[in-house]
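In what follows, a structure is listed as structure tokens, so that the remarks can point back to it.
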Amino acid sequence: MPHHDPWRTWQRCHPIDLFGPIVDKELRIASRHKTHYALRTLYVAVLTVSLAGVWFSTVGLGPVTAGAYQAAAMTEAGRTTVLLITAIQFFALPVVAAVLLSNSISEEIERGTLAVLLTTPIRSLQIVAGKLVGRLMLLVLLVAVSLPLLAIVRVFGGVPWGFIVTGVCLTFSTAVFAGSLSLLASTWLPRAHQSAVVSLAVLVLLGLVTTAQARLAPPPGTSPGLAHLWATAGLLSPYTVFLQAGRTLNPGLGTGSGTPWMVHCLLAVTASIILCLLAAVWLRRAMLVEAFGGRRRFLAGWFGRNARHRFVEQRDVRRLRGPCMFWKDLQSIRPRPWLEPVMVAVIAATFYVAAWLVPPSLASRHVHAGLAGVIVFVGLMRTAVLAAGACATEREKRCWPVLLTTLLDERQIVHQKALAILMATLPLWIWLVLHTFVFAAIDVLDPVALVGVAVFVPTGLLLFLGLGMYFGLRATTVTQAVAMTFAVVIGLCFVLPMAAVANPVVGVILSFLVEGRDVYGRLGQVFFMLMFVGPVLVVDVFLGAGFLWQAGCQIRRHVFARHGSGRIGD
Amino acid sequence: MIETHKLSKYYGDLAALVDLDLHIDEGTIFGFIGPNGAGKTTTMRILATLLEPTRGRALIDGLDVRLQGKEVRRRVGYMPDFMGVYDDLKVFEYIEFFAAAFNIDRHKRKDIVEGVLELTDLQGKRAAAVDSLSRGMQQRLGLARVLIHDPKVLILDEPASGLDPRARIEIRELLRELKRMGKTIMISSHILSELEEICDHIGIIEQGRLVFSGTLDEIRRRIGIQNKMRVRIAGDPQRAVEVLTALPNVREVRREDGYVGVMYAEGCEIDGSIARALVQAGLDVLALEPEQLKLDNAFLELTQGIVH
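Protein chains in written order, with numbering that gives the first Met the number 0: chain R, 0 to 569; chain H, 0 to 307.
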């Protein structure tokens with residue numbers, strides 16, 4: 000009779016054993032990452048500031064009033080706080096999850112450790128599950144941080160436990176889905192920021208599509224069975240389900256129906272499992288390609304190093320034209336010079352055809368403002384990311400020692416790189432300027448829009464270029480540089496209220512919405528706009544120039560920061 | 000051509016280089032050896048104007064590397080221990096990029112690039128993507144790059160590391176060719192046998208301090224293998240030891256791994272008398288040769304193997 004050892008059975012069921020040693024490794028590494036501590040601190044700070052804001056706006060600091068009034072105010076404060084914290088978690092944690100998982104597999108591929116894992120008994124599913132669980136553990140900590148806060152606020156009354164549980168479950172299921180999506184993208188894409196951007200884009204797109212579907216009634220004449228299916232499909236949208244849950248707490252959000260959040264969570268978890276299984280299959284392929292060579296397929300085949308290498312092999316030798324650093328960076332950023340202008344032209348044509356098909360669109364300032372906002376946002380983000388990547392790539396490829404022993408000085412390097420980046424984003428700006436000019440000429444837009452573009456775009460470009468180059472030179476990898484730049488740019492645009500006033504995206508949108516009755520009225524609006532945002536724009540210009548100048552100073556300071564510092568005495 | 004005076008580099012409390020005094024003559028190949036972490040790369044980086052010394056001076060062609068960096072860079076070609084390459088460029092484009100970075104006139108660039116590709120035997124690869132080259136080819140490309148502005152001084156940090164024997168021999172031949180062209184070459188390597196074949200001068204560094212600098216003959220003298228003959232005989236080696244010990248001017252005779260080692264007084268020509276004595280004793284002499292300098296042995300003898 001076999002001997003039954005309960006201790007061994009317990010050990011086998013231990014989560015770490017269940018997911019293999021990967022989860023253990025991930026947890027160990029996570030505990031050594033300073034960024035994780037910084038993230039937790041930032042998270043607590045955001046929660047505290049939000050809490051304080053809600054408290055003072057509802058209860059206030061004024062003199063003590065009647066007990067009944069104060070109790071009612073506290074109940075209101077409690078409700079609003081819980082709703083706000085849950086909403087922050089619901090929207091922020093999936094983004095954090097996507098970012099955390101974005102380099103999970105690409106990092107292993109880059110370091111060449113996947114082939115080593117292949118020689119061990121660890122299964123690819125264990126790797127995927129281990130990565131997912133190990134990295135999402137940070138989210139558990141973040142939610143755990145907020146739970147005591149929510150429990151205390153609940154004491155004020157008016158907040159049902161059900162909402163807190165619903166909020167946490169919805170947040171987790173959406174975060175797990177976002178993380179699984181990012182993990183799957185990481186098996187395809189060579190860079191972490193690509194995985195993060197792709198997974199977040201897919202998440203937003205899915206959210207928009209499912210939310211739109213949930214808001215639409217089923218087509219007329221639909222059978223009851225299909226109508227039921229249509230209603231069930233509405234549960235795919237996390238935003239709809241979250242809104243429904245919020246209605247139980249805040250009737251201002253609309254009347255709540257039953258909140259079948261459990262079904263949604265179940266669907267999200269099932270989808271996550273499917274994504275993880277797919278990731279495991281792709282991971283196995285990636286491991287085999289790394290170990291035995293060969294060509295990766297799908298996204299990895301199109302965007303990975305092999306694809307780039309194939310393209311370089313196939314094209315003719317190009318003679319150098321213009322300043323050398325400018326030319327070299329353009330080859331890297333824009334290997335096919337025709338591609339970007341053609342893409343911009345196709346997107347523009349698609350937009351105009353779509354807008355023409357829906358008649359009032361091209362006459363609406365709001366549509367033009369929206370388009371301008373998107374162009375400015377994409378253009379500036381691309382500028383910042385390219386700038387960060389162009390500088391960090393030199394370190395990642397260990398080219399600084401070679402470059403800095405040439406006659407190029409630091410300023411030349413920075414200026415030529417900046418020029419190459421501006422050149423690469425030029426098609427977008429040409430589209431924006433042409434669009435503004437044409438629609439201002441036919442009186443759809445006010446000429447103030449041209450002033451807005453002329454004022455906000457160059458200042459934004461300078462600031463984002465400076466930021467990107469500075470962080471590109473401080474970071475050790477392209478991914479880190481892009482993440483740092485992204486975080487600072489988002490922080491500057493959306494968090495700091497002063498900067499938000501002169502946010503180039505907001506500025507351009509506002510200038511597109513201007514409606515002047517006469518010349519004086521328009522001039523007045525321009526004057527008012529410049530008076531209001533002028534000082535901040537001047538600060539932006541100084542900041543951008545300062546960051547660019549600092550970037551030049553950083554080059555020689557961090558030549559060997561990544562690879563040479565291992566043995567500084569060699 | 001290259002001089003350092005009391006050159007020191009500290010990283011916090013860690014002394015990477017301490018009062019290094021070097022003197023390398025024009026047109027020589029200087030082999031720079033030392034254990035890992037000894038300060039070789041730091042010295043080379045300072046000479047290549049990539050690092051600032053904490054104190055002391057380094058001069059190349061009479062120019063101070065700290066104060067006249069740009070002029071020094073015109074005269075120096077530096078190849079780091081790990082050479083980064085741009086994977087978006089082809090071989091010709093890569094070299095042309097660096098030709099432009101050294102302000103070479105655009106009308107002359109093509110000929111100069113073709114010239115260095117020919118010298119480094121890379122013409123056949125001019126249209127290949129840089130990152131498709133083998134490690135040996137990439138090292139050749141690195142050499143082509145450092146030669147593009149025709150520098151007087153080449154500083155090569157472990158150019159042969161990671162190469163297969165054929166590639167190592169090719170690099171060695173290339174370095175000989177460069178020496179014939181009058182270049183002053185400072186080269187570091189862990190493959191000491193490579194250096195002893197091409198270097199005129201050797202510097203041994205340990206814990207940031209120069210423990211020896213001189214020619215191969217000076218090393219021989221320093222470690223006492225200047226006056227030693229190795230004899231291989233057919234017959235009883237013990238008998239040979241007895242015969243040789245009795246010879247005048249012989250200081251010591253030792254049996255060593257199939258040979259008999261004979262240490263003799265400095266300034267004596269002893270090989271004739273050794274052969275005569277052994278033949279007269281009825282022993283057949285299979286080989287008689289002065290002991291070769293093995294740089295590995297010299298290295299072990301002169302360093303203690305202490306690293307930072």
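Quick reminder that beta carbons are idealized off the backbone N, C-alpha and C, glycines included.
Check, Outcome
"Residues near R:Cys275 in its chain [Cβ-Cβ closer than 6 Å; skip 5 each side]", "Val127, Ser179"
"contact_flag[the stretch 110-128 of chain R, the stretch 200-209 of chain R] where n(CB pairs < 8 Å) is 3 or more", "no"
"Counterpart residues of H:Pro289 in DSSP-defined beta bridges", "H:Met228"
"Beta-bridge pairing of H:His200 - partner residues as DSSP gives them", "H:Phe29, H:Thr214"
"Extent of the continuous alpha helix (DSSP H) run through R:Ile508", "503-512"
"H:Gly76 in three-state terms, based on DSSP", "strand"
"Residue-level contact to chain H via CB, R:Gly255, 8 Å cutoff", "Confidence at R:Gly255 is low in this model, with a pLDDT of 46, below 50, so the placement of that residue should be treated as unreliable; the coordinate-derived value is given next. Output row for R:Gly255: interface = no."
"Under 9 Å (Cβ pairs) to chain H, residues found in the stretch 470-481 of chain R", "none"
"Candidates R:Val504, R:Pro336, R:Pro259, R:Val81, of which the one nearest R:Ala371 by Cα", "R:Val504"
"Alpha-carbon to alpha-carbon, H:Thr41 and H:Ser160", "17 Å"
"Assigned exposure category for R:Phe463 - 16 Cβ within 10 Å defines buried", "buried"
"Sufficient close CB pairs (3 or more, under 8 Å) joining the stretch 464-471 of chain R to the stretch 480-491 of chain R", "yes"
"Beta-ladder partner(s) of H:Leu21, from DSSP", "H:Thr3"
"Range covered by the beta strand (DSSP E) that runs through H:Gly55", "54-59"
"Closer than 8 Å to chain R by CB, H:Glu113", "no"
"Where R:Leu149 sits in the DSSP three-state scheme", "helix"
"Close Cβ partners of H:Gly207 (< 6 Å) along its chain, the five nearest in sequence each way excluded", "Ala14, Ala15, Leu16, Val17, Gly38"
"Boundaries of the beta strand (DSSP E) in which H:Tyr258 is found, first to last residue", "258-263"
"Inter-residue spacing [alpha-carbon to alpha-carbon] between R:Ala278 and R:Ala270", "12 Å"
"C-beta atoms of R:Ala419 and R:Ile489 nearer than 8 Å", "no"
"Span of the beta strand (DSSP E), counted from its first residue to its last, around H:Leu153", "152-156"
"Anticipated Cβ contact below 8 Å, R:Gly545 with R:Gly465, distance rounded", "7 Å"
"8 Å Cβ cutoff, R:Ser331 in contact with chain H", "yes"
"Unbroken stretches of the alpha helix (DSSP H), 4 residues or longer, contained in the stretch 142-189 of chain H", "164-179"
"C-beta neighbour in chain R for H:Asp149, strict 8 Å", "no"
"Buried or exposed (CB count within 10 angstroms, at least 16 for buried), H:Ile32", "buried"
"7 Å Cβ cut-off: residues of chain H touching R:Lys416", "Residues of chain H passing the Cβ test: none, with the nearest at roughly 13 Å."
"Residues near R:Leu83 in its chain [Cβ-Cβ closer than 7 Å; skip 5 each side]", "Ser49, Val53"
"Beta-carbon proximity of R:Gly144 to R:Arg39, cut-off 8 Å", "Here residue 144 of chain R is Val; the residue named in the question, Gly, does not match the sequence. The answer is yes: Cβ separation under 8 Å."
"Cutoff 8 Å: H:Asp60 Cβ touching any chain R Cβ", "no"
"Bounding residues of the alpha helix (DSSP H) (the contiguous stretch that carries H:Glu117)", "105-118"
"R:Phe55 classed as buried or exposed, judged by whether at least 16 other C-beta atoms fall within 10 angstroms", "exposed"
"Assigned exposure category for R:Pro426 - 16 Cβ within 10 Å defines buried", "buried"
"Ranges of the alpha helix (DSSP H) found wholly within the stretch 67-144 of chain R, counting only runs of at least 4", "105-110, 113-117"
"Any chain H beta carbon closer than 8 Å to R:Glu107", "no"
"Under 7 Å (Cβ pairs) to chain R, residues found in the stretch 42-54 of chain H", "Ala47, Thr48, Leu49"
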